[in-house]
Structure formats: C-alpha cells, structure tokens
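Have a look at the structure below, then the notes.
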Amino acid sequence: MNYFEAFDKIKDKLKDVDSDKLGENVALQINLTDDDCHGTFYIQVKDGALYVEPYDYYDNDANITVSFDTLVKIIDKKLDPVEAVAGGMLEVFGNPDKALLLTRLDKKAKKAPAKKPAAKKTATTKKASEKPAEKKPAAKKSAAKKAEEKKEAPKAEKKPAAKKATKKTEK
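Right under this line is the structure:
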C-alpha cells in the first residue's frame, strides 16, 4: 500500500467523526512511519469542523509519529493512544494534551430515518379537485339511471320469486 492509499483509508475512517464533540481548535501533524506508506498529513479541528489533509502543518499543537496499522487501531477504538505511547508504538512531540484528540474521534450517532409528513394540498391539487365538481351534472345523470334500474330490479325479482312459490306449492 502506498501513502495515498493509506491516507485515503484514514480520511475515509474519519469522515463520520462527530466534530461537535471535539471541542477546541486543535491541529495535529501525523507522520506515518511504514516503509511502504510513509508520509505526513494533518488532522485539524477548527470552528467545530474536522479537516484531514495530506500536507505538513507547521503551526501544529502536536506532532505524532505512528505506523499506519497503529493509527487505524486507535481510530477504530481497538487501541488506546496512551497505551500506544507507553508501548512505544506512538510518539508525541509538542502538547500531549492536544494529542489526546485521538481519544475523542467518535462516530456520529446514526439517526432513525425521519417520517415524511403528509403531503399538503397545493393550489394545483385544489384546482384539480374543482374541475370534477363542474362535471357533477353528468354524475347526477348516472345516479338517476341507477335509481331507475333499482326500481326496475325489484319488480323483476318479484316475478321469479312468485314462480318459485308456485312451484313449491305444486310439489
């Protein structure tokens, strides 16, 4: 893996970090020590936003030297940065309190999908509903026809019912 691949993986891991919980402005320069992916980048918290860029940061609060694998374990919360310093896997030059930013790189809490509010009637939907009102006379004609059919239907039903009754009496 080269430096750019390593940097992209780290930046991808940090894209969902909740920068609101990081607090004050902090700038950390990270130096990767791996033979295949050595290089420098910075992590900065400024005005509540998190920046991760592949450049030197000369006015940093702390300069951290670490391997790619160790940094990934710290970001994934599988290794405590203080333990990494004690074990010689991570070196901090500058303000060690600012380097503790690495312990606060928590992911944003996933929010439940919001329910969509019911659609409100717009002027166009109101106009559409008014148009069928103009066509109501046609609907009344069909209702009148239905009423006539209902009047005729019971008469037709009475005759067969009467025949059935006569058949029953004949048996």
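Count along the sequence shown from 1, add 821, and you get the number used in this note's numbering. Each residue gets a CB set at the ideal place from its N, CA and C atoms; glycine is no exception.
Helix, strand or coil at residue i [DSSP, three-state]
i: K899; result: coil
i: Y872; result: strand
i: Y824; result: helix
i: A933; result: Interpretation of A933 is limited by its pLDDT of 47, a score under 50 that renders its predicted location unreliable; no figure is taken from the coordinates.
i: L853; result: strand
Pair within 8 Å by beta-carbon distance, residue i and residue j
i: F828; j: P902; result: no
i: Q850; j: Y878; result: yes
i: L835; j: V873; result: yes
i: M822; j: D856; result: no
i: A848; j: D890; result: no
i: K894; j: D839; result: no
i: P917; j: A883; result: yes
Which listed residue (the options) has its alpha carbon closest to that of residue i
i: T854; options: L871, L923 and I885; result: I885
i: T831; options: A907, D856, V887 and I896; result: Note on identity: in this sequence residue 831 is Ile, with Thr being the wrong assignment. Considering only alpha carbons, the answer is I896.
i: L843; options: F862, E904 and K867; result: K867
i: G860; options: V906, E826 and A883; result: E826
i: G908; options: G915, L922 and S888; result: S888
Residues bridged to residue i (per DSSP)
i: E912; result: T886
i: A848; result: Q865
i: K928; result: V838
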